[in-house]
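Trainee: When we follow our numbering, the leftmost residue of the sequence shown carries the number 75, and every step to the right adds one.
Idealized CB from N, CA, C, for every residue including glycine.
Keep in mind that this is a model prediction, so the values were computed, not measured.
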Amino acid sequence: MVKVTKKYQVTIPEEARRRIGLTSGEDVEVIPINDNEILIRRKVKKVKDPLSTLIGKEEEVEVPPEVVDELAER
75 MVKVTKKYQV TIPEEARRRI GLTSGEDVEV IPINDNEILI RRKVKKVKDP LSTLIGKEEE
135 VEVPPEVVDE LAER
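1) For Leu128, name the three-state secondary structure that DSSP assigns.
2) Would you report the Cα separation of Glu144 and Pro138, rounded to the nearest angstrom?
3) When you compare only the Cα positions, how much space is there between Glu140 and Thr97?
4) Considering only the beta carbon of each residue, do Lys117 and Asp101 sit closer than 8 Å?
5) Inspect the beta-carbon positions of Ile94 and Ile105 and report whether they are closer than 8 Å.
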């Protein structure tokens, strides 16, 4: 269990961060599920050109959440 600060911040537990490979500074989505639950989803980037990524000139492309879910189920 985590607490919400006065500024509505929470600390994601280490095991959860490690399990999904979340690192400091990454963007996440916060999705309301119902009146008592939210989903925190890591935004996944698709790499078009690995060489550009290695030299720091990567073009970012968002992967839709449905695709991420489908790949996670495989």
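Mentor: From the atom records:
1) Sequence index remark: in the sequence shown, residue 128 carries index 54 (1-based). DSSP places Leu128 within a helical segment (H, G or I) once states are collapsed to three.
2) Here the question's residue 144 lines up with position 70 in the sequence shown. Here the question's residue 138 lines up with position 64 in the sequence shown. In a straight line, the C-alpha of Glu144 is about 10 Å away from that of Pro138.
3) For the purposes of this step, residue 140 is taken as the residue at position 66 of the sequence shown. For the purposes of this step, residue 97 is taken as the residue at position 23 of the sequence shown. A direct Cα-to-Cα measurement between Glu140 and Thr97 gives close to 22 Å.
4) Sequence index remark: in the sequence shown, residue 117 carries index 43 (1-based). Sequence index remark: in the sequence shown, residue 101 carries index 27 (1-based). Contact: yes.
5) Position 20 of the sequence shown, counted from the start, is the residue given in the question as residue 94. Position 31 of the sequence shown, counted from the start, is the residue given in the question as residue 105. In this structure, Ile105 does not lie closer than 8 Å to Ile94 by Cβ.
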